[in-house]
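In the numbering used here, the protein residues as written are 2 to 315.
Even for Gly, the Cβ is constructed at its ideal location relative to N, Cα and C.
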Amino acid sequence: MERANDSAFSGFILLGFSNQPQLETALFAVILIIYSLSCLGNGAIMLLSTMDPHLHSPMYFFLSNLSFMDLCLTTCTVPQTLANFKGKDKTITYGGCVAQLFIALGLGGVECVLLSVMAYDRYVAVCRPLHYMVIVHPQLCLQLVVTAWLTGFGNSVVQTALTMTLPLCGKNQVDHFFCKVPVMLKLACTNTSVNEAELFAVSVFFLVVPLSLILVSYGHITRAVLKIKSAQGRQKAFGTCGSHLMVVIIFFGTLISMYLQPPSSYSQDVNKSIALFYTLVTPLLNPLIYTLRNKEVKGALRRQMRRILDLRQS
């Protein structure tokens, strides 16, 4: 990015909620608690999926990748946010801002693709159970996950380069609590209509297309579930699908509200709140809804706890 003419340019000032210091103090405690719970939940899923042989299946392979991604996403933004909320120094270095933008954007793209992959996995499990292990074989699982990571970070390379090469003309106050593309575009002292159009097109690809695939998958799942004769079986299946869809709607809803509108129309306070929700609540909901209510995961957790107790007693 063409920096300010001042050669002493050292980075950006993340304004956050600096105009409401009492809110920042309250948010510090809330964010710290949610971040700790999110790390604990996602870390537990990753460990259990690795250690317990009963969870060595495609579903938990995808879930462990989702947990790792959520852990990286929160760690990319939350520690800096906590430091800014707690202290008077709200600066972030130029390199730190670039890294934060690149990682957060890349991980967001990865999650969009990964959630659609997981929906396809559930579709095959419910609609073609007899062929599940043949269709969703280990090689395909690895290929799908690698594709998600390469697609997400491939887009991030392009977006970060396009955004961080815009001229600033002395502007370095970021009206947010972390560096993200729409906010950085508002700092540019040149016409950003091409960047906005390109961002909109990419957002459609990463948000609307995966969401459409997810809804189609769950549409087929719903049709298959309705054929189940047992009312209890239908209720259980709908409960699981409903909770999964809730996470999807929350995740895609927050991202769509942030990216499928021109930066010029942003209400910053609303977008800050949405971004906080996206970076904190969604990573916490994923382990709660996808696995920690799951009987298989609860069984794996009990087995590992018994194993630890046996090791201590021996």
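Inset, instruction - Could you say if the region 17-30 and the region 46-57 meet the contact criterion of at least three C-beta pairs nearer than 8 Å? - result: no
Inset, instruction - Would you mind working out which of D71, Q305 and E199 sits nearest Y260, comparing C-alpha positions? - result: The residue you call residue 260 lines up with position 259 of the sequence shown. Of the candidates D71, Q305 and E199, the one whose C-alpha sits nearest the C-alpha of Y260 is E199.
Inset, instruction - Give me the Cα-Cα distance between I229 and T223, rounded to the nearest whole angstrom. - result: For the purposes of this step, residue 229 is identified with residue 228 of the sequence shown, where counting begins at 1. For the purposes of this step, residue 223 is identified with residue 222 of the sequence shown, where counting begins at 1. Each residue's Cα considered, the two are about 10 Å apart.
Legend entry - L15 beta carbon less than 8 Å from that of F278: Position 277 of the sequence shown, counted from the first residue, corresponds to residue 278. Position 14 of the sequence shown, counted from the first residue, corresponds to residue 15. In this structure, L15 does not lie closer than 8 Å to F278 by Cβ.
Legend entry - Closest residue to K87 among V175, I32, N272 and A276 (Cα-Cα distance): Working through the sequence shown from its first residue, we reach residue 87 at position 86. With distances taken between Cα atoms, K87 lies closest to I32.
Legend entry - For Q21, three-class secondary structure by DSSP: Indexing the sequence shown from 1 puts residue 21 at position 20. If DSSP states are grouped into helix, strand and coil, Q21 belongs with coil.
Legend entry - Residue burial classification, P316 (beta-carbon count within 10 angstroms, cutoff 16): Since the first residue of the chain shown is 2 and the last is 315, residue 316 is not available in this structure.
Inset, instruction - Check whether the Cβ atoms of L286 and V226 lie closer than 8 Å to each other. - result: Here residue 286 is taken as the residue at index 285 of the sequence shown, counted from 1. Here residue 226 is taken as the residue at index 225 of the sequence shown, counted from 1. For L286 and V226, no; Cβs fall outside 8 Å.
Inset, instruction - Evaluate contact between the region 95-110 and the region 154-173, counting only Cβ atoms and requiring at least three cross-stretch pairs below 8 Å. - result: yes
Legend entry - Contact set for T152: own chain, Cβ-Cβ below 7 Å, skip 5 residues either direction: Against the sequence shown, residue 152 aligns to sequence position 151. For T152, where only same-chain residues beyond five positions count, the Cβ hits under 7 Å are G110 and V114.
Legend entry - Whether T283 touches I251 by CB criterion (8 Å): Here residue 283 corresponds to residue number 282 of the sequence shown, with the count starting at 1. Here residue 251 corresponds to residue number 250 of the sequence shown, with the count starting at 1. Yes, the pair counts as a contact, with Cβ atoms nearer than the cut-off.
Legend entry - Nearest candidate by alpha-carbon position, reference L74, set I46, H55, F103 and V175: For this step, residue 74 is matched to residue 73 along the sequence shown. When only C-alpha atoms are compared, the closest one is F103.
Inset, instruction - Go ahead and label M306 buried or exposed: buried means 16 or more other beta carbons lie within 10 angstroms of its beta carbon, across all protein chains shown. - result: Within the sequence shown, residue 306 is the residue found at index 305, counting from 1. With fewer than 16 other CB atoms across the displayed protein chains lying within 10 angstroms of its CB, M306 is exposed.
Inset, instruction - Run the CB neighbour count on D71, radius 10 Å, all protein chains shown included, and call it buried at 16 or more, exposed below. - result: Reading the sequence shown from its first residue, position 70 is the one you call residue 71. Buried: at least 16 other Cβ atoms inside 10 Å.
Legend entry - Distance between R235 and Q101 (C-alpha atoms, nearest Å): In the sequence shown, counting from the first residue as 1, residue 101 sits at position 100. In the sequence shown, counting from the first residue as 1, residue 235 sits at position 234. Roughly 44 Å between the two C-alpha positions.
Legend entry - Buried versus exposed, by CB contacts within 10 Å (16 or more), N20: Taking the sequence shown and counting its residues from 1, the one referred to as residue 20 is at position 19. By the 10 Å Cβ count, N20 comes out exposed.
Legend entry - Reduced DSSP category for I229 - H, G, I as helix; E, B as strand; rest coil: Locating residue 229 in the sequence shown gives position 228, counting from the first residue. Looking at I229 - three-state DSSP - the assignment turns out to be coil, as it is neither helix nor strand.
Inset, instruction - Please name the residue, chosen from C190, G220 and A276, that lies closest to T164 on a Cα-to-Cα basis. - result: As a first step, residue 164 is located in the sequence shown; it is residue number 163 there, counting from the start. Checking every option, the nearest Cα to that of T164 belongs to C190.
Inset, instruction - Just mark R303 as buried or exposed, buried being the case when its beta carbon has 16 or more other beta carbons within 10 Å. - result: Counting from 1 along the sequence shown, the entry for residue 303 is found at position 302. The residue in question, R303, is exposed, as its Cβ has fewer than 16 Cβ neighbours within 10 Å.
Legend entry - Nearest-angstrom Cβ-Cβ length linking S218 and Y61, presumed shorter than 8 Å: Within the sequence shown, the letter at position 217 stands for residue 218. Within the sequence shown, the letter at position 60 stands for residue 61. With a Cβ gap of about 18 Å, S218 and Y61 do not count as contacting.
Inset, instruction - May I ask you to check if the CB of C128 is nearer than 7 Å to at least one heavy atom of the ligand SAM? - result: This structure does not include the ligand SAM; it has no bound ligands of any sort.
Legend entry - DSSP state of V137 mapped onto helix, strand, coil: The residue labelled residue 137 in the question sits at position 136 within the sequence shown. V137: coil per DSSP, three-state reduction.
Inset, instruction - Just grab the DSSP bridge partners of F103 for me. - result: Position 102 of the sequence shown, counted from the first residue, corresponds to residue 103. Looking at the DSSP assignment, F103 forms no beta bridge with any residue, so it has no partner.
Inset, instruction - Using the Cα positions of C77 and S65, report the straight-line distance between them to the nearest angstrom. - result: As a working mapping, residue 77 is identified with position 76 in the sequence shown. As a working mapping, residue 65 is identified with position 64 in the sequence shown. So the two alpha carbons sit approximately 18 Å from each other.
Inset, instruction - Look at the Cβ atom of N173, then the Cβ atom of F13, and state whether they are nearer than 8 Å. - result: For this step, residue 173 is matched to residue 172 along the sequence shown. For this step, residue 13 is matched to residue 12 along the sequence shown. Yes, they are a contact pair.
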